[in-house]
Structures are given as C-alpha cells and as structure tokens.
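Numbering (our numbering), first residue to last: 174 to 327.
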Amino acid sequence: MSEPHTTTTPAVRLAPRASLDTLWDAAQRVMAITGVVEQATSATVRRQWDAIDAELTILGIPVYDRHGASGPGRAWWTAQNSEGRLIGKWAESYEEAVIQLGASFRSRIVWCVPDTDLQVRDRYPRSKQGEPRIHPVTDQPIPGPDYAPLTTLF
Numbered sequence: 174m175s176e177p178h179t180t181t182t183p184a185v186r187l188a189p190r191a192s193l194d195t196l197w198d199a200a201q202r203v204m205a206i207t208g209v210v211e212q213a214t215s216a217t218v219r220r221q222w223d224a225i226d227a228e229l230t231i232l233g234i235p236v237y238d239r240h241g242a243s244g245p246g247r248a249w250w251t252a253q254n255s256e257g258r259l260i261g262k263w264a265e266s267y268e269e270a271v272i273q274l275g276a277s278f279r280s281r282i283v284w285c286v287p288d289t290d291l292q293v294r295d296r297y298p299r300s301k302q303g304e305p306r307i308h309p310v311t312d313q314p315i316p317g318p319d320y321a322p323l324t325t326l327f
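Structure representation (structure tokens):
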C-alpha cells in the first residue's frame with residue numbers, strides 16, 4: 174500500500190503516522206457513529222467531522238479548525254478505493270483524507286497521495302462528466318500519461 178508521495182505544490186508534508194489498515198479501522202468507527210445518510214445536513218456533516226476529529230486526536234494527528242486558517246498539510250488528496258473508484262478531497266493531512274474518504278465512500282482506501290496540481294487527470298483516461306472514474310485497482314497511482322498499469326491488487 175502506498176504512503177503519500179511528494180507533489181510539485183510547495184507545502185510542508187508531515188510523514189504519515191498511521192497505516193492504511195489503522196485508518197480503515199478509524200473510518201469504520203466513523204461510519205458506525207454517523208450511519209448511512211441519504212442527504213447530508215449541517216448536523217450530519219458536523220457529526221462526521223466530530224467523529225473524524227476524535228479519531229485523529231486518538232492517533233495524535235493535529236486537528237485544525239475547518240473554518241479557520243489551513244494547516245501545513247492542506248492539500249487536495251487523490252485516492253483510489255478498493256472498488257477502483259478515483260476519489261479526492263481537500264484535507265489537512267493524509268490521515269484525515271483517508272479516514273473521511275473511506276467513511277464517505279464506505280470502502281477501504283488502497284492508496285492516497287497529495288495531488289493539489291490534479292496530476293491524476295494526466296495519468297488516467299478521462300471519463301464522461303458526472304460518471305465515476307473507475308480503473309483497475311493498483312498499489313499506487315499509475316506513473317504517467319501512457320497509462321501503463323502497475324501491480325493489480327484485485
């Protein structure tokens with residue numbers, strides 16, 4: 174399983190402090206607290222944020238005010254889940270991104286990388302707008318625009 178890769182966007186990157194397995198366990202606890210939500214509301218989003226922040230605190234990961242200044246690890250994080258879907262979100266840390274993406278998509282994350290420059294768009298064939306980007310599951314992002322597959326995990 175891959176850990177965060179460097180990005181061309183200058184920023185401070187803190188080393189990951191938890192494995193993908195540990196973060197999946199945390200995401201499952203968040204899912205147990207938040208349940209399945211048909212339509213997000215302010216209350217359900219806050220409940221998820223509180224559950225994620227509690228998990229990050231247990232792991233010793235700094236938690237930042239979601240409405241305040243960004244922390245040093247703020248980036249767009251691109252990930253692939255165990256279903257092959259490419260997903261992403263803005264997050265303050267690798268751990269926050271993996272937990273929130275795992276909980277939101279209810280699926281284990283197999284790799285997650287900082288991708289503020291959205292290099293994923295150059296590495297994977299585009300899909301139609303509004304359709305999920307689903308590709309063979311690999312142990313890390315494919316290396317470049319030639320779309321050469323890496324080790325398939327499933």
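Every residue gets a Cβ at the ideal spot worked out from N, C-alpha and C, and that includes glycine.
{"Item": "Once you ignore the five residues that flank Ser280 on each side, which residues in its own chain have a CB closer than 7 angstroms to its CB?", "Value": "Asn254, Ser255 and Glu256"}
{"Item": "Would you mind reading off the limits of the beta strand (DSSP E) that contains Thr251?", "Value": "Ala248 to Asn254"}
{"Item": "Quick one: is Ser266 buried, meaning 16 or more other Cβ sit within 10 Å of its Cβ, or exposed?", "Value": "buried"}
{"Item": "Rounded to the nearest angstrom, how far is the Cβ of Gly241 from that of Trp250, given a contact under 8 angstroms?", "Value": "Going by Cβ atoms, the distance from Gly241 to Trp250 rounds to 19 angstroms, so no, they are not a contact pair."}
{"Item": "When DSSP labels each residue in this structure, what does Ala242 get in the three-state scheme?", "Value": "coil"}
{"Item": "Which two residues bound the contiguous alpha helix (DSSP H) that contains Ala205?", "Value": "Leu193 to Thr207"}
{"Item": "Quick check on the burial criterion: 16 or more other C-beta atoms within 10 angstroms. Buried or exposed for Ser192?", "Value": "exposed"}
{"Item": "Specify the secondary structure class of Ile260 as computed by DSSP and reduced to three states.", "Value": "strand"}
{"Item": "Using CA coordinates, which residue listed in Thr230, Arg306 and Arg247 is at the minimum distance from Asp290?", "Value": "Arg247"}
{"Item": "Inspect the beta-carbon positions of Ala224 and Val209 and report whether they are closer than 7 angstroms.", "Value": "no"}
{"Item": "Determine, using beta carbons only, whether Arg296 and Ile282 come nearer to each other than 7 angstroms.", "Value": "no"}
{"Item": "Taking 7 angstroms as the CB-CB cut-off, is Pro314 touching chain B?", "Value": "In summary, chain B is missing from the structure at hand, where a single protein chain is found."}
{"Item": "Have a look at Thr311 and Asp198 and give me their C-alpha separation to the nearest angstrom.", "Value": "21 angstroms"}
{"Item": "Taking C-beta to C-beta, are Val218 and Leu229 nearer than 7 angstroms?", "Value": "no"}
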